[in-house]
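Asks:
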Amino acid sequence: MERFKIFLLTVAVCVLVTSQESTTDPPVPQIQSEWSEAFHGEKVSLKCVIQDSNSWNYTWFKGLNEIVSNDETNIQGNTLTLSVQSGHGGVYECQAELQDRNVTTAKSPPHSLRVHELPKPELSIVSQWKTFYPTEKLTLKCSIKEDSNKWDYEWFRNGALLSQDKDISFSGNTLSISSVNVVHAGQYTCRGKHQTRKPVTTGKTEALQLNVHDTTPKPTITKNQWFEPFYSKERVQLNCNMPGVGWEYHWYKGSNRLTTSPEFTIDSVSVTDTGNYQCKAQRGDFSVDSETLQVRVQDPPKPQIQSEWTEAFHGEKVSLQCVIQDSESWKYTWLRDQNKIVSSDVTNIKGNTLTLSVQSDHGGVYECQAELQDRNVMTGKSPPHSLTVHGPQPTIVLKQDPSYPEIYTGEQVRLNCSIQEKTSKWQYIWEKDSRQVNTDPSNPVYTIQSASLSENGEYTCQVRRGEKTSSKSRKLTVKDPPKPELSIMSQWKTFYTTEKLTLKCSIKEDSDKWDYEWFKNGAPLPSSGSTLSISSVNVVHAGQYTCRGKHQTRKPVTTGKTEALQLHVHDTTPKPTITKNQWFEPFYSKERVQLNCNMPGVGWEYHWYKGSNRLTTSPEFTIDSVSVTDTGDYQCKAQRGDFSVDSETLQVRVQDPPKPQIQSEWTEAFHGEKVSLQCVIQDSESWKYTWFRDQNKMVSKDGTIIMIGNTLTLSVQSDHGGVYECQAELQDRNVMTTKSPAHSLRVHEPPKPELSIMSQWKTFYPTEKLTLKCSIKEDSDKWDYEWFRNGAPLSQDKDISFSGNKLSISSVNVVHAGQYTCRGKHQTRKPVTTGKTEALQLHVHDITPKADISKHQWFEFFYTEERVHLNCTMSGVGWQYQWYKGSSPLIKNAELAFSSVSHTHIGDYHCKAQRGDFSVNSETLQVQVQARPAVSLSLETELGDIMTGDMTLRCNVSDGRQWNYTWFMNGQQLNETSDLLKRKGNEETIKSEFKCKGINTERPLYSALSDGFIANNIIFKRKILLAISLCLVCCIVILIIGCIVLKITRKPEVKETAQDDLFFSMTDSKIQAASPMKEYMDNSPTELEECQEKEELITDRTSAVQEDAVIKDEETPASEANGLISFKGL
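Per my numbering, residue 25 is the first one in the sequence shown, and the count goes up by one each step.
1. Count the other CB atoms, across all protein chains shown, that sit within 10 Å of the CB of K242; report buried if there are 16 or more and exposed otherwise.
2. In this structure, does DSSP put I55 in helix, strand or coil?
3. Compute the distance between the beta-carbons of C392 and W354, then report whether it is under 8 Å.
4. Out of curiosity, what's the CA-to-CA distance linking E159 and S292?
5. Near N988, which residues of its chain fall below 6 Å by C-beta distance, leaving aside the five closest residues on each side in sequence?
6. List the residues that DSSP assigns as beta-bridge partners of C1067.
7. I believe G1009 touches M975 by the beta-carbon criterion, under 8 Å. Please report the beta-carbon distance rounded to the nearest angstrom.
8. How far does the beta strand (DSSP E) with I168 in it reach, from first residue to last?
9. Taking the alpha-carbon positions, what's the D654 to R677 distance?
10. I need the boundaries of the alpha helix (DSSP H) containing E615, first residue and last residue.
11. Ignoring anything shorter than 3 residues, give me the beta strand (DSSP E) runs that lie fully in the region 424-493, in order along the chain.
12. Can you name the start and end residues of the beta strand (DSSP E) that I245 belongs to?
13. Go ahead and pull the three-state DSSP assignment for A918.
14. Can you tell which of E332, K326 and F254 has the C-alpha that lies nearest to the C-alpha of V295?
15. Counting Cβ pairs, one atom from each stretch, are 3 or more of them under 8 Å apart for the region 64-77 and the region 101-121?
16. Skipping 5 residues on each side, what residues in its chain have a beta carbon closer than 6 Å to that of S79?
17. For E332, collect the residues of the same chain with a Cβ closer than 6 Å to its Cβ; drop the 5 residues on either side in sequence, then sort them by chain order.
18. Quick one: grab the DSSP three-state call for K217.
19. In terms of alpha-carbon separation, which member of D1035, N545 and T646 lies closest to V617?
20. Tell me, please, whether the region 618-630 touches the region 586-602 by the rule of three or more beta-carbon pairs shorter than 8 Å.
21. Does the count of Cβ pairs from the region 708-722 and the region 801-818 closer than 8 Å reach three?
22. What's the C-alpha gap between P286 and Q330?
23. Count the other CB atoms within 10 Å of the CB of M266; is the residue buried (16 or more) or exposed (fewer)?
24. For the alpha helix (DSSP H) holding I1014, just list the boundary residues, first then last.
25. Which value, in whole angstroms, describes the spacing of the CA atoms of S559 and I512?
26. With distances taken between CB atoms, is the gap from S613 to D707 smaller than 8 Å?
27. Quick check: the Cα distance between H135 and T888, rounded to an integer number of angstroms?
28. Which class does A1051 belong to by DSSP, given the choice of helix, strand or coil?
29. Go ahead and label E1131 buried or exposed: buried means 16 or more other beta carbons lie within 10 angstroms of its beta carbon, across all protein chains shown.
30. Residues in the same chain with beta-carbon distance under 7 Å from L1013, minus the five sequence neighbours each way, listed in chain order, please.
31. Would you mind sorting T213 into buried or exposed? The rule is 16 or more other CB atoms within 10 Å of its CB.
32. Could you tell me the distance, in whole angstroms, from the CA atom of L920 to the CA atom of R891?
33. Going by DSSP, what residues sit across from G20 in a beta bridge?
34. In terms of alpha-carbon separation, which member of K364, N205 and S60 lies closest to T155?
35. The beta strand (DSSP E) spanning L556 covers which residue range?
36. Starting from L779, follow the beta strand (DSSP E) in both directions and report where the run begins and ends.
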């Protein structure tokens, strides 16, 4: 009974507490923050506060919009931190939700936040200028119009923060530089910094570029219409300029200050204004002096007339020059007899020169005066200059000395030209046929020292002065003395001793006025008549004879010598010479024999003899078609007058042409062999040979048919077989032999070799083995083989060996790369070789690379069930591939793939490429595998689910990333992506198996698949247990009420000494406290925990009393749910 009381009291207390808690409204959150206004860029924190120790999730609102956490609006726990932007002003509210419970508070009272844009400072310079010179003073001002007294200022140059130093100082919103230098140049900015809200700074101002010169230039003086020198009464105007603005200018002459102005002007300068001038540029306390400028002033110069003209003829060009010893540009005025001359066609004024096209009225006194162009300066007049004018043309007089009407060549003649008027400075130009002949125009006399025919003609004397010319002509006749003629009284000029000789010299014109002179080899002879006779010629009379005429009255005049007449006198008498035209030893039948007989000199007659028989009288003897009967001795005789000479005897031999023979050991040959045929004639003559094949004439061709001398050389081709004949012809003679006897030649084609490689590949790596094969199908046992690389023949060495028709390289290296060919070489007919095979290109790498592993979608580590795909490759063909894991072989294949990788695949992999005996390993590749993120599937127990019989499942991947989820029911994918899955508790749902996995956009793209969950009868058990619990609670409530009523209505009893009891009475409770419930609420949490322990004890006892099959079976679905949480403790 006592235990039952305790049980009832404990149940009552728990029910009251539970009732009190379940009926309390959720607390209302409050926003705590000192921020009601903020500047753009400040960090503002708002805290959502609830007077509760539960774990709340907080949601923030601005206006009606929920705030999402990001860089500008960061939500951490119950705190919202704003990096204030212009759009953050407004009303903020917060709301809280209990984690894992469907409890949401009301929104907090609103909290207003106003956002101000930071004011924009303005940077200005106190001076008008932004370009400074060293030592100048500089002041900058930074201004904020709004609340300017609440801001301090920071200064920057080229983005770097400035601090005070010996030159730079700060005062309020100004920056001052007491003495500027080049280090102070740059872009200046400033910004405001709030005096009380320290993190708040404005943006920087726009940059103000300050330029500082490294040196200070001097002011520049600009000269307006500057002259060196100035002339009196001219205007002097100067300007002073200094780069930059804000300058004031002061002018000085020497040390005397003149004026303060950028411009300095002297309107009418005088000689006293000569001196040194200077300007000073000043701004503030800073000043710079210009260079000194010298101003020179003088009076205008006096002009002088310069001219060599004091007299002139009408029409001449006369120049007068007005000269001033000054380099200025003067404008000149001319006067004649005090009258101003106006420029015209006849009085042209250009610059300082007056040019007269002289007229009759141009005589007089000339003066000039000068004025400076663009300047108000006038000189005085020059001293006068006089000019006399003659008539229109000078009078020319010509004379000739000597005055013969005709001058013989070789005589001297002088031509004289003079002018009657009194004048000077003329030039005398002597011309003949419009060509000047004299070289000194100042000399009026032209002398011809030795007249020649070329001087014959009309001579003109042209007098010239300036542009004035006049001329007069005179004819000069020059001719050669008459030409004598020298003749011989015979037809020949070559004589033999004892012959008679007569020479004659004659002049046709005025022959009676000439005597004659004779010369032999240039030496004079004593004879003076017109003939020279030699009665009996001998060798001393040989030589060159000439003559000439000598004038009887004009003693220096002699004719030219005649052309030399060469007389030859032989000391002996030669025999006539027989000239043989195309002479041969012997002649062949039908050839032409032509002989000529010749004797030195002329006038000879020739007679021909064969033996003693006279044949013909002629210098030439011809037999057009010789025969064997014309063989014999021939002779000629030369005769003139009574004198004759016989020639030597000449023998003529005649025979028939010889017959050629072909000599050769070749009757058959291979294509490509060198075959020689020789056409032989038993004769030493130079024969030209012609070859025939099958009656067709042959010609040399492309080196395959070569004809040299009597030899035909064939580089045998397939069409060279046939019957050969030859025929010979004497060069330059019309002699042809008959054809030789026929010679036959048969031609065989050499077989064609084939080159092959004993492997599938043509690209090799060092140390590989290589075998090439050269094959000839026809008579293969009769051929040896030659090998070539890149066209060069190969020989055996330590790597290369030959065996029959094979070439082997035991260990390939890079020197073996190249184009290989081979050809057959006949074993018995050594020169016979086949053609080369087509080239076989072999490539050899200089190094052996490792086999290459290609990785498809490779990662540092793989997740289980991902695909690993590897390919092993090696450059070239013929490779076989073997994959290894560690040292254990896997598969023989170029490709290694794991469609679903697992932990068993972790390890080091490599592949081996092999062809023949040669193999290459790849680098080792490590494959790492790790499990996919684990996923937990749990049953969520909510009161609503218990009441409705529904089921809520939660899928969770706890790796800190955001996941979507895929759900499966009985292996079929459901159209759900949330982490929660709600299903009605019907018969199909209860018997179905549920699984889930996480889905992501980044690797791993999905998690591991969860364990399966089957509800079975857990839903119905929940409902049954709920009904029993409700019934039990109702009974307990009724019992408590009954106990209370009974206690109130029962009469008091006499107090007895009561035994200690675990259960206390209502009276004791009144004494101890106002009510048990109030005492319970006031006690510490420890008492609540004790109540809960008692409740569990009561529950355990109740379970023991009411244990039945339903309760017993409750453990089964929990185990089937794989450890999912039951509702039993609720």
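Using N, Cα and C, we set each Cβ at its ideal position, and we do this for glycine too.
Replies: Short version:
1. On the sequence shown, position 218 is the one that residue 242 refers to. Burial is judged here by how many other beta carbons sit within 10 angstroms of a residue's own beta carbon; K242 has fewer than 16 and is exposed.
2. Indexing the sequence shown from 1 puts residue 55 at position 31. Residue state, collapsed to three classes: strand.
3. Residue mapping note: residue 392 aligns to position 368 of the sequence shown, counting from 1. Residue mapping note: residue 354 aligns to position 330 of the sequence shown, counting from 1. No, these two residues do not count as a Cβ contact at 8 Å.
4. Position 135 of the sequence shown holds residue 159. Position 268 of the sequence shown holds residue 292. The sequence shown places Thr at residue 159, not Glu. The straight-line gap from Cα to Cα measures roughly 40 Å.
5. Within the sequence shown, residue 988 is the residue found at index 964, counting from 1. So the list reads T1001 and I1023, once near-sequence residues are dropped.
6. Mapped onto the sequence shown, residue 1067 falls at position 1043. Answer is none; C1067 lacks a bridge partner.
7. The residue labelled residue 1009 in the question sits at position 985 within the sequence shown. The residue labelled residue 975 in the question sits at position 951 within the sequence shown. Yes, they are in contact, since the Cβ atoms of G1009 and M975 sit about 5 Å apart, within 8 Å.
8. As a working mapping, residue 168 is identified with position 144 in the sequence shown. No beta strand (DSSP E) contains I168, which DSSP labels as neither H nor E.
9. Translated into the one-based positions of the sequence shown, residue 654 becomes position 630. Translated into the one-based positions of the sequence shown, residue 677 becomes position 653. Rounded to the nearest angstrom, the two C-alpha atoms are 8 Å apart.
10. Start at 1 with the first residue of the sequence shown, and residue 615 comes out as number 591. From DSSP, E615 is part of no alpha helix (DSSP H); its letter is neither H nor E.
11. Counting whole runs of 3 or more residues, the region 424-493 contains the beta strand (DSSP E) stretches 437-443, 451-456, 469-472 and 481-489.
12. The sequence position of residue 245 within the sequence shown is 221, counting from 1. Where I245 is concerned, the enclosing beta strand (DSSP E) stretches over T244 to N248.
13. As a first step, residue 918 must be located in the sequence shown, where it is residue number 894. Three-state DSSP puts A918 in coil, outside helix and strand.
14. If you number the sequence shown from 1, residue 295 lands on position 271. Closest option to V295, Cα to Cα, is F254.
15. Taking a contact to require three or more Cβ pairs closer than 8 Å, the region 64-77 and the region 101-121 qualify as touching.
16. As a working mapping, residue 79 is identified with position 55 in the sequence shown. Within the same chain, Cβ atoms closer than 6 Å to the Cβ of S79 are found at Q123, the five residues on either side in sequence being excluded.
17. Sequence index remark: in the sequence shown, residue 332 carries index 308 (1-based). No residues qualify anywhere along the chain.
18. Along the sequence shown, one-based indexing puts residue 217 at 193. Strand.
19. The count along the sequence shown starts at 1 and reaches residue 617 at position 593. Comparing Cα positions, the closest option is T646.
20. yes
21. no
22. As a first step, residue 286 is located in the sequence shown; it is residue number 262 there, counting from the start. As a first step, residue 330 is located in the sequence shown; it is residue number 306 there, counting from the start. If I take the Cα positions, the gap works out to 46 Å.
23. As a working mapping, residue 266 is identified with position 242 in the sequence shown. Buried: at least 16 other Cβ atoms inside 10 Å.
24. By one-based count along the sequence shown, residue 1014 stands at place 990. That run of the alpha helix (DSSP H) goes E1011 to K1015.
25. Taking the first residue of the sequence shown as position 1, residue 559 is located at position 535. Taking the first residue of the sequence shown as position 1, residue 512 is located at position 488. Spanning the two alpha carbons is a distance of roughly 14 Å.
26. What you label residue 613 is simply residue 589 of the sequence shown in a count that begins at 1. What you label residue 707 is simply residue 683 of the sequence shown in a count that begins at 1. Not in contact: S613 and D707 (Cβ atoms no closer than 8 Å).
27. Taking the first residue of the sequence shown as position 1, residue 135 is located at position 111. Taking the first residue of the sequence shown as position 1, residue 888 is located at position 864. If I take the Cα positions, the gap works out to 52 Å.
28. The residue given as residue 1051 occupies position 1027 in the sequence shown. In this structure, A1051 counts as helix in the three-state DSSP scheme.
29. On the sequence shown, residue 1131 is found 1107 positions in, with the first residue counted as 1. Bear in mind that the predicted position of E1131 carries a pLDDT of just 35, short of 50, making it too unreliable to give a figure here.
30. The residue labelled residue 1013 in the question sits at position 989 within the sequence shown. According to the sequence provided, residue 1013 is Thr. The question's Leu does not apply to it. Taken in chain order, the residues that qualify are M975, R1007 and A1039.
31. Here residue 213 is taken as the residue at index 189 of the sequence shown, counted from 1. Looking at its Cβ environment, which holds 16 or more other Cβ atoms inside 10 Å, T213 is buried.
32. On the sequence shown, residue 920 is found 896 positions in, with the first residue counted as 1. On the sequence shown, residue 891 is found 867 positions in, with the first residue counted as 1. Rounded to whole angstroms, the gap between the alpha carbons of L920 and R891 is 11 Å.
33. Summary: the structure shown does not reach residue 20, with the chain confined to residues 25 through 1154, and so no result is reported for it.
34. To locate residue 155, count along the sequence shown from 1; it is residue 131. Taking only the C-alpha atoms, the option nearest T155 is N205.
35. Looking up residue 556 in the sequence shown gives position 532. That run of the beta strand (DSSP E) goes T555 to I558.
36. Translated into positions along the sequence shown, residue 779 becomes position 755. From DSSP, the beta strand (DSSP E) with L779 extends over E778 to I781.
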